[in-house]
Amino acid sequence: MADLHLGHDHDHGHGHSHDESFTEPPPDVALRVKALESLLVEKGLADSGAIDAIVDAYETKVGPRNGTAVVVKAWTDPAYREWLLKDSTRAIASMGYIPEQGEQMRVLENTGDTHNLVVCTLCSCYPWAVLGLPPVWYKSAPYRSQAVADPRGVLQQFGTELPEDVEVRVWDSTSEMRYLVLPQRPMGTDGWTDAQLAELVTRNSMIGVEKAQTPELAR
Amino acid sequence: MNSVHDMGGMEGFGPIKAEPENEEPTFHEVWEGRVYGISRALGNLGLWNIDKGRHSRERMRPAEYLGNSYYENWLAGARTLMLEAGLVTEEELRTGKASSPVASEILARKLLAKDVTGPSQFRTNYMREAAEPPRFKIGDPVRALNRHPSGHTREPRYLRGKLGMVHDYYGPQVFPDLKVEGIDVGHHLYCVRFEAAELWGETAAPRAAVYADLWEPYLQAIS
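Note that the protein sequences, when read in sequence, are chains V and A.
Numbers given in this note's numbering equal positions in the first sequence, counted from 1, plus 225.
Numbers given in this note's numbering equal positions in the second sequence, counted from 1, plus 5.
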């Protein structure tokens with residue numbers, strides 16, 4: 226029977242190499258999880274169908290496309306942008322992505338003078354209702370440790386260079402408030418359709434490690 | 006507690022390694038999704054809360070916390086929570102065989118597939134009433150207290166003792182340091198701005214600031 230303990234008593238015969246930041250699980254972790262699920266089902270504490278449904282919901286019902294729709298609406302509808310910046314939770318709820326009861330949202334607007342960047346130094350808090358579950362790098366020690374102390378260095382690692390006179394604001398998600406960055410609308414996009422604009426909005430631009438893509442890059 | 010989960014300002018972890026965002030799956034391995042789903046399903050039993058969950062991972066041995074992948078830490082945390090809530094025994098985890106019963110009122114709360122409506126159902130309302138009016142207003146200078154509680158806290162080490170300014174007020178919200186003990190009280194929550202030079206001295210990035218959400222018991226007035 227599989228040992229469900231989590232000590233490092235597993236063997237290290239990794240079948241293939243990964244970049245070390247995406248830690249390869251010990252080969253038996255999948256088995257240990259399977260055994261744990263069986264135990265919980267046997268005890269009547271969990272239902273595998275419910276776990277399937279939860280996995281499916283996080284894979285298919287949330288994701289950066291929700292945040293993208295918020296950003297595109299803010300870029301194209303000045304009244305919505307104003308509401309979004311003043312009362313982010315309700316403005317986002319109005320698009321159907323979150324109920325108003327729950328974590329409160331704050332939208333941070335990037336401008337020519339100010340660039341915002343979101344991190345959770347203590348764990349992995351992230352605005353999942355609008356961005357889905359966070360990427361591995363967001364939850365990793367390098368990002369969590371560096372973002373508050375060396376934000377410009379972090380931005381450079383994502384290829385983002387800011388003029389020296391731009392203020393960088395780092396938002397450490399220490400409470401249940403959730404932060405979403407509203408990137409600047411790129412120049413040269415007048416008259417673009419919502420679908421075209423959506424192509425320019427990246428997940429990373431809504432975390433704040435990048436700017437929205439330029440029309441040249443998107444092509 | 007002062008452990009490795011509190012990473013702001015630490016050095017030596019190396020460069021950030023990001024996968025191209027269009028290529029990154031929600032879960033990299035099937036077992037990661039199962040760990041996440043198990044954690045959500047068990048959380049739904051109502052025997053613990055988000056702060057207990059965080060604290061279950063904060064109490065891991067630092068070397069294990071750092072050596073594990075993200076979902077391995079969730080698995081370790083889930084194991085701690087289940088043991089402490091009496092849902093499973095060490096023996097059961099070792100053998101994988103059920104040998105102890107669970108109270109019927111807990112079993113009655115088991116999450117069923119038909120009741121999974123989507124991520125929004127796991128949202129919690131953190132707004133509370135507060136006994137006293139807020140002590141601080143937007144624009145007030147404040148100092149983050151130099152406190153080192155042995156339990157759970159959301160006041161990061163790199164802010165302790167530092168001078169900031171109240172940027173925003175978010176209303177009374179559930180206080181994590183006590184919620185972890187099962188005590189549900191609201192304290193006023195503020196967003197506080199700290200200049201980079203106040204936090205990092207002469208090596209600070211120019212024109213940079215950190216904003217953090219801090220509850221009133223974490224703050225002291227500057228007279």
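By construction, the Cβ of each residue, glycine as well, lies at the ideal position given by its N, Cα and C atoms.
- Excluding its 5 nearest sequence neighbours in each direction, A/Y175 has C-beta neighbours in its own chain below 6 angstroms: L194, listed in chain order.
- Restricting attention to A/L52, A/R133, A/K119, A/V179, the CA atom closest to the CA of A/A90 is found in A/L52.
- Taken in chain order, the members of the stretch 53-68 of chain A whose beta-carbon sits within less than 7 angstroms of a beta-carbon on chain V are R59.
- For V/N291, no chain A residue has a C-beta closer than 7 angstroms to its own C-beta; the minimum C-beta separation is roughly 10 angstroms.
- Within the stretch 145-184 of chain A, the complete beta strand (DSSP E) runs of at least 3 residues fall at 146-149, 168-179.
- DSSP, read as helix, strand or coil, puts A/F199 in strand.
- Within its own chain, the residues whose Cβ lies closer than 7 angstroms to the Cβ of A/N7, once the five positions on either side in sequence are excluded, are H153, R162, listed in chain order.
- Closer than 7 angstroms to the CB of A/G206 there is not a single CB belonging to chain V.
- Counting along the chain, the unbroken beta strand (DSSP E) around V/E392 starts and ends at 392-397.
- Identification of residues in the stretch 355-369 of chain V having a C-beta nearer than 8 angstroms to some C-beta of chain A yields G357, L358, P360, V361, W362, K364, S365, A366, P367, Y368, R369, given in sequence order.
- Between A/A226 and A/A213, the C-beta spacing is not below 7 angstroms.
- Remark: fewer than three beta-carbon pairs, one from each stretch, lie closer than 8 angstroms, so the stretch 412-429 of chain V and the stretch 332-343 of chain V are not flagged as touching.
- In terms of CA proximity to A/P124, V/W353 leads the group V/W353, V/M320, V/D397, V/E441.
- Taking the CA atoms as reference points, V/L387 sits about 33 angstroms from A/L150.
- A/M132 carries a strand assignment under DSSP once its states are collapsed to helix, strand and coil.
- One thing to note: A/V197 has its Cβ no nearer than 7 angstroms to the Cβ of A/G166.
- Contact of V/P376 with chain A by beta-carbon distance below 7 angstroms involves A210, A213.
- For V/N429, the enclosing alpha helix (DSSP H) covers residues 428-432.
- Proximity of chain V to A/P124 at the Cβ level (cut-off 8 angstroms) is accounted for by A282, Y283, K286, V287, W353, A354, in chain order.
- Nearest in C-alpha terms to V/M412, of all of V/R315, V/K436, V/D397, is V/K436.
- Taking 8 angstroms as the upper bound for CB-CB distance, A/D11 and A/P181 are not in contact here, some 13 angstroms apart.
- For V/Y351, there is no enclosing alpha helix (DSSP H), as DSSP marks it with neither H nor E.
- Its Cα nearest to that of V/W362, the residue A/Y75 stands out among A/E221, A/A210, A/Y75, A/P211.
- DSSP places A/V40 in the helix class (H, G or I) of the three-state scheme.
- Within chain V, no C-beta atom comes nearer than 9 angstroms to that of A/G51; the closest sits roughly 12 angstroms away.
- Rounded to the nearest whole angstrom, the C-alpha separation of V/P359 and V/E307 is 27 angstroms.
- Setting aside the 5 residues that flank it on each side, A/F127 is surrounded in the same chain by R45, G48, N49, each with a C-beta closer than 8 angstroms to its C-beta; the list follows chain order.
- Taking the beta carbon of V/S400 as reference, the chain A residues within 9 angstroms of it are Y131, R159, Y175, Q178, P181, L194, C196, A217, D218, L219, W220, listed in sequence order.
- Residue burial is scored here from C-beta neighbours: V/P289 has at least 16 other C-beta atoms within 10 angstroms and is therefore classed as buried.
- Taken through DSSP and simplified to helix, strand or coil, V/E386 comes out as coil.
- Nearest Cα to A/A118 within the set V/L261, V/A275, V/M431: V/A275.
- DSSP lists A/V179 as the bridge partner or partners of A/G191.
- Straight across, the Cα-Cα distance linking A/E28 with A/E110 is about 43 angstroms.
- Where A/L224 is concerned, the enclosing beta strand (DSSP E) starts and stops at 224-226.
- Contact annotation: V/L264 and A/G58 have beta-carbon atoms that are not nearer than 7 angstroms.
- Counting along the chain, V/M330 sits inside no alpha helix (DSSP H); it lies in the beta strand (DSSP E) bounded by residues 330-334.
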